[in-house]
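Q:
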Amino acid sequence: MTAIRRAIRAPNKAARRNISENAQLWTLALPAVIQLFVFSYLPIFGVVLAFKKFNVTKGIMGSAWVGLENFRFYFTSLDASRTLRNTLTMNALFIAIGTVCSIALALALFEAPKRGHVKFFQTVFVLPHLVSWVVVSYIAYTLLQPTSGLINGMIKRLGGTAIQWYTQPKYWPAILVCFSVWKGVGMSSLYYYGSLMGVDEEIFEAARLDGAGRLQIAWHVSLPFLVPTITVLTILSIGGIFRADFGLFYNVTMNNGMLYPTTDVIDTYIYRALMKVGNIGMSSAVGLFQSLVGMALVLATNAIVRRIDADRALI
Amino acid sequence: MDYTAPPPETTRPARRSGGREGSSLWLMYAILLLFALVILFSFWIIISVSLTSTAELRYGFRILPPRFSLEAYQYTFANMKGIWNAYGVSAVYALLGTLLAVAVMSAFAYALSRPRFQARRGLTFYVFFTMLFSGGLTPSYILIKQYLKLYDTIWVLILPGLVNCWHVMMLRTTMQSLPSSLYDSARIDGASEYRVFVSVALPLSAPALATVAFMGLLGRWNDWYTPMIYITKNSLFPIQYLLQRMLNNIQEAMNMIEFSPFASSVDVSKLPRENLRMAMMVITIFPMMLVFPLFQRFFIRGITVGSMKG
Amino acid sequence: MKKTILRKVVSTLLATAMVMALAAIPAFASAQEEPTTIIQYNFGSETFIKNTGIGVEAVNELLLEYGIKLDLRLLSESEYVERMNLIINSNEYFDICFTSTWRLDFYQNVGKGAFLDLTDLIPEYAPKITEFIKPEYLAFGNVNGRLYAIPNLQILANPYGLYLRKDVADELGIDMTAIKTLDDLDPVFELIKSERPDLYPMGGGLDDRVWGSGDTVISFYGAIAEDDPDLNVVSYYTRPMYLNTNEYNLHLYNEGYIRPDIASVTTDQSQGDMVAGLYAGAFGDVKPGGEVEFKNRRGWDAYQIKISDAMMGYNSGAATMNAVSINTASPDKVMKYLELIHTDGKTLDALLYGTEGRDHVITPEGAVRIAENSPYFLGNTAWAFGNTFLLTVMEGQDPTLAERTEAVNDAAKRSPIVGFALNTEPIQSELAQLDALREEYKNRVYMPNYEELEAEYLSKVQLAGLDKVLAEMQAQVDAWAIANGKK
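Protein chains in written order, with the working numbering: chain C, 1 to 315; chain R, 316 to 625; chain S, 626 to 1112.
#1: Tell me whether the region 400-407 of chain R and the region 547-554 of chain R touch, counting them as touching only if at least three CB pairs, one residue from each stretch, are closer than 8 angstroms.
#2: Cβ closer than 7 angstroms: which chain S residues qualify as neighbours of residue 588/R?
#3: Are at least three pairs of beta-carbons, each pair with one atom in the region 916-929 of chain S and one in the region 895-908 of chain S, less than 8 angstroms apart?
#4: Mind checking residue 73/C: buried by the 16 CB within 10 Å criterion, or exposed?
#5: Output, in sequence order along the chain, the residues in the region 242-264 of chain C whose CB is closer than 9 angstroms to any CB in chain S.
#6: With DSSP collapsed to three states, give me the class of residue 322/R.
#7: Going by the CB atoms, is the gap between residue 1015/S and residue 973/S shorter than 7 angstroms?
#8: Counting Cβ pairs closer than 8 angstroms, one from the region 102-112 of chain C and one from the region 181-190 of chain C, do we hit at least three?
#9: Can you pull the chain S residues whose beta carbon is under 9 angstroms from the beta carbon of residue 77/C, in chain order?
#10: Look up residue 729/S in the DSSP assignment and say whether it is helix, strand or coil.
#11: Kindly indicate which three-state DSSP category residue 767/S falls into: helix, strand or coil?
#12: By the criterion of Cβ-Cβ separation under 8 angstroms, what are the contact partners of residue 452/R in chain S?
#13: 7 angstroms is my cut-off, CB to CB: does residue 365/R come that close to chain C?
#14: Select from the region 478-491 of chain R all residues with a C-beta closer than 9 angstroms to any C-beta belonging to chain C, and list them in chain order.
#15: Here's the rule I'm using: 16 or more other beta-carbon atoms within 10 Å means buried, otherwise exposed. How should residue 576/R be labelled?
#16: Kindly indicate if chain C contains any beta-carbon less than 7 angstroms away from that of residue 335/R.
#17: How would you call residue 1019/S, buried or exposed, if buried means at least 16 neighbouring beta carbons within 10 angstroms?
#18: With distances taken from CA atoms, which of 807/S, 936/S, 967/S is nearest residue 754/S?
#19: Looking at the unbroken beta strand (DSSP E) that takes in residue 883/S, where does it start and where does it end?
#20: Determine, for residue 400/R, whether the minimum Cβ-Cβ distance to residues of chain S falls below 7 angstroms.
#21: Show which residues of chain R have a CB atom less than 9 angstroms away from the CB atom of residue 16/C.
#22: Give me, in chain order, the residues of the same chain whose beta-carbon lies closer than 6 angstroms to that of residue 824/S; leave out the 5 immediate sequence neighbours on both sides.
#23: What ranges does the beta strand (DSSP E) occupy inside the region 851-880 of chain S, keeping only unbroken runs of at least 3 residues that lie completely in it?
#24: Whether or not the region 130-140 of chain C and the region 164-183 of chain C are in contact is what I'm after, with contact meaning three or more pairs of Cβ atoms, one per stretch, closer than 8 angstroms; do they touch?
#25: Please state the DSSP three-state secondary structure of residue 65/C.
#26: According to DSSP, residue 696/S sits in a beta bridge with which residue or residues?
#27: Considering just the uninterrupted stretch of the alpha helix (DSSP H) at residue 678/S, what are its terminal residues?
#28: Exposed or buried, what is residue 15/C when buried is set at 16 or more other beta-carbons lying within 10 Å of its beta-carbon?
#29: What's the call for residue 907/S, buried or exposed, on a 16-neighbour Cβ count within 10 Å?
#30: Taking buried to mean at least 16 other C-beta atoms within 10 Å of its own C-beta, is residue 631/S buried or exposed?
#31: Report the residues of the region 689-720 of chain S with a CB closer than 7 angstroms to any CB of chain C, ordered along the chain.
#32: Can you pull out the residues from the region 541-563 of chain R whose beta carbon lies closer than 9 angstroms to at least one beta carbon of chain S?
#33: Could you check which residue in 226/C, 292/C, 136/C, 204/C has the C-alpha nearest to that of residue 239/C?
#34: Determine the burial state of residue 874/S: buried for a count of at least 16 other Cβ atoms within 10 Å of its Cβ, exposed for fewer.
#35: Report the three-state DSSP secondary structure of residue 947/S (helix, strand or coil).
#36: Which residues in chain S have a C-beta closer than 8 angstroms to the C-beta of residue 273/C? List them in chain order.
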């Protein structure tokens, strides 16, 4: 009798536990959900500006609809394909090279035997992240200035001819990648390093006892542990692949027109074009385009990752 | 998902001699040192220029400033009315904001990391969507200024940027990779999800929390744009905003030559320029570098091992 | 017993009521006299921004008799545009703001419906303005025949020339009076180049205004030839002023009169380098009082040399104006205030110079000098506020400055379409692209493959829709001409 009663009651208990568990988790999530709703979702109605001709008195909601007119200016522009291509390729390079470098640094740092050394390196690596792009542009200028720059100085001393850095577009993809890596890699490596700390020391011990060298441990133990993190962060980066880091492309190049063939990206083009015209609808339209494409790419990438290993996916 | 490392068998290499191990250590140190040197050199440029007198600037960068000069720093401090108040504001804003942000985001990330949370996928999409789509500055401005009336308060600096999608995802990934056995045993002991969050997830995610906290602190410390838009009361200006404004005004004043009929309101003849900008950078970075070591103990290997086992 | 208590209570209540009524009288009185507050946005120097509250005490004393109280809100110069844009876009309340062709674009905002139509308000509430601002000048604030902003009178037509540092000129014995044309400059540059190899003769190339061309240039791309009675709009790129400018700048570059890496140098740096003493001179607008300004902004005493005559463009005066918000609650008071700062020197002095003694002092000659530790002084940006010709001169300024400037304005060659405003809406996309291209190819003259780049530029400009832009400009100019009886 009691056995039957217990059998009937059991699923309820599990279900009840599940419900209370979910309720508690909801409570934990609630502050963030509310904050996002108020500060991120409520203002989203502003995207309709992409389809409107803004009038001050009528406000955002009351302004007239103009369909896809605001998109016309960018997509029919001569430079649309160039800026799209530059944005995509540069961001892809940043993601790929940046990730590889951060991981390499994190792995190398993780193997450092002395705490003092680790502290030193971490402190130094974090520094570039603190610097603004405008200051970086000055550092770049010090190095690349045609007549008194340090790099040309070295080239001349070695017997070569000075290169006019700021007017030759072909060097700039590499230059920009260098600066992007310089600025971002230190901070990311910190995060990967932190992730590695989650590995049970015993596993490292076991590997070392088996005679694994540092490189092997790094490759076969540490790296696989990082894969979930790398996957998630990469998918997130792909969401932003159509959005360029304005500060980098505008400041470090000193907004030099001659470099546009390889350094002009969507965001810098819009900024220049709309400075005079100032049409809030047009800038909104391009922003919406960037968001939509980013979203599509993320969902696609996420779906692919989900197929490979469901737990590694972002969503 | 349970974390399991690949079993040692599959990584068993042949026995290595100490010399081989030594050389891979050298390789790693070489990488680290190279990168560190590049960074230090770049920073030397910043510091050197900040210590150059304005008159010497025309000759460009020299490895050692020809005439050591504190001009740029003096100018900054002399022109910074209310500088100490601004430091105070920045500190409160950065600390309070980060504390709140980490609390809210870690709770959220924890919920997202629990496999049995039904709203998990939905909420992940929910937060991720906000990273991609934005209504722009004008709707936010209308919301904050006209409806929420948050302007000219410390809250306008803290609340809007509180939840950062990247940080949430980073925290979620960390919490997800903790061995589920730890969670399960705590739950079996009768602990509520809150309890598990506070006594299991948080301590074990210390490195990630510290990283996110530092990044958040940095972001808030450097933020001059939000105050520019929403703060008009002098007593609430953070330090970065004052510095940026001073610099931008010099720039504007000099730009006026394009429209040369007009006199500028600033006398630019004696103004410091690049050295001022570099000095500002140093002034900004300096406090953050003082703070960083405090966070470091969370991301040095070997410290938390003990607490993990316990 | 009860009756006495009752009487006491009633009498106390009555007494209280009377006292309260008496106390309320002053409140009533001041409530009736309460002046209307006008919110004005403008910009100013850092130190003075915080002190506008005490700074406007002087002007508010004068405004009180008109029932106006000014709430002046100064924004930092570098933030002005961004913050005003937000204020306007979010319909936040204000009454007056600064607008122009270069800071807070006037035409854009009129297009957005941000500014109030003032055409009928002037005769009704501010009739004196037309006495002080000629209709021709007032027209600068027109769009499609309606007035949306009031121009702040100051120099409207700048002769063009260059500034040469005094120390260099004196050292090399250069005779300023002998320099009349660009050709006269070459030997001077040669001299500087050979005698002072540490300097570059000029900081940069020159502007197309140097030719004193009477062409009207519309928004960089369209041009109406000088003395063309039919007002035909043609491509700016075909005009002599364009071609000659390129040719001359190329000449400067080839001869080494400007630095060889000029294509890599930004405007900021260039200005900074001028201050640092890298150049002997710079091209620019010249005008009465120009040397003083050059000294203030570049730190060097300089001679100014005029090369070409002043030409008043079709929107010169639109460079400094004040507009009224469409949401203003008291247009009558706002117009009165605007009338005062454009017609009454006393009001303008009080607004800009503040309180005598604390903010400024009057020198024995009757000029104005900023006081020691003055908390408020807007004298240097008078052009942002009102009619600069009414202002008491500042110490060091020529007392005849206003007259001389007015004379320059009156004598200047005028564009035949003064008062025309281009409606950019139908050609927004094309203009955006053309602007982007112009920015991109800005330094093509200084590149080794200049000819190639020039051809590339011109073909891209065609592809970007130059013809459509020109056609639109022509149509608008024709319409304006018919409406104004010029055709």
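Note that beta-carbon positions come from the ideal geometry of N, C-alpha and C, so glycine has one too.
A: Taking the geometry as given:
#1: Touching, yes.
#2: Below the 7 angstroms Cβ cutoff, chain S contributes 897 as neighbours of residue 588/R, in chain order.
#3: Yes, since at least three Cβ pairs between the region 916-929 of chain S and the region 895-908 of chain S fall closer than 8 angstroms, the two stretches touch.
#4: Burial state of residue 73/C is buried, judged by a 10 Å Cβ sphere holding 16 or more other Cβ atoms.
#5: Residues of the region 242-264 of chain C that bring their beta carbon within less than 9 angstroms of a beta carbon in chain S comprise 254, 255, 256, 257, 258, 260, 264, in sequence order.
#6: Residue placement at residue 322/R is flagged as unreliable, the pLDDT there being 40, under the threshold of 50; a coordinate-derived value is accordingly withheld.
#7: In contact: residue 973/S and residue 1015/S (Cβ atoms closer than 7 angstroms).
#8: The region 102-112 of chain C makes contact with the region 181-190 of chain C; the number of CB pairs closer than 8 angstroms reaches 3 or more.
#9: Here the neighbours are 1054, 1057, 1058, 1061, 1089.
#10: DSSP places residue 729/S in the coil class of the three-state scheme, outside both helix and strand.
#11: The answer is strand: DSSP assigns residue 767/S an E or B state.
#12: Neighbourhood of residue 452/R in chain S, by CB distance below 8 angstroms: 711, in chain order.
#13: Chain C contact via Cβ: absent.
#14: Listed in sequence order: 478, 480, 481, 483, 484, 485, 487, 488, 489, 491.
#15: Unreliable placement is indicated for residue 576/R, whose pLDDT of 36 sits below 50; the coordinate value is still reported in the next sentence. That one is buried.
#16: Reliability fails at residue 335/R, whose pLDDT of 48 lies under 50, so the model's placement of it is uncertain and the value that follows must be treated cautiously. So, interface residue.
#17: Buried, because 16 or more other Cβ atoms sit within 10 Å of the Cβ of residue 1019/S.
#18: Looking at the Cα atoms, 967/S is the closest of the given residues.
#19: Looking at the DSSP string, residue 883/S is not in any beta strand (DSSP E), and its letter there is neither H nor E.
#20: Residue-level contact by beta carbon fails for residue 400/R and chain S, as no gap is shorter than 7 angstroms.
#21: By Cβ distance, chain R contributes nothing, its closest Cβ being about 13 angstroms from residue 16/C, past 9 angstroms.
#22: Only 905 meet the Cβ criterion.
#23: Taken in chain order, the complete beta strand (DSSP E) segments of 3 or more residues contained in the region 851-880 of chain S are 858-860.
#24: Yes, the region 164-183 of chain C is in contact with the region 130-140 of chain C.
#25: Three-state DSSP puts residue 65/C in a strand.
#26: Answer by DSSP bridge pairing, in chain order: 664/S.
#27: From DSSP, the alpha helix (DSSP H) with residue 678/S extends over 677-680.
#28: By the neighbour-count rule (16 or more Cβ atoms within 10 Å), residue 15/C is not buried but exposed.
#29: Flag for residue 907/S reads buried.
#30: Exposed: under 16 other Cβ atoms inside 10 Å.
#31: Answer set for the region 689-720 of chain S: 713, 714, 716.
#32: Residues passing the 9 angstroms Cβ filter: 543, 544, 547, 549, 559, 560, 561, 562, 563.
#33: Nearest option by C-alpha distance: 292/C.
#34: Residue burial is scored here from C-beta neighbours: residue 874/S has at least 16 other C-beta atoms within 10 angstroms and is therefore classed as buried.
#35: The DSSP-derived three-state label of residue 947/S is strand.
#36: Here the neighbours are 1057, 1058, 1060, 1061.
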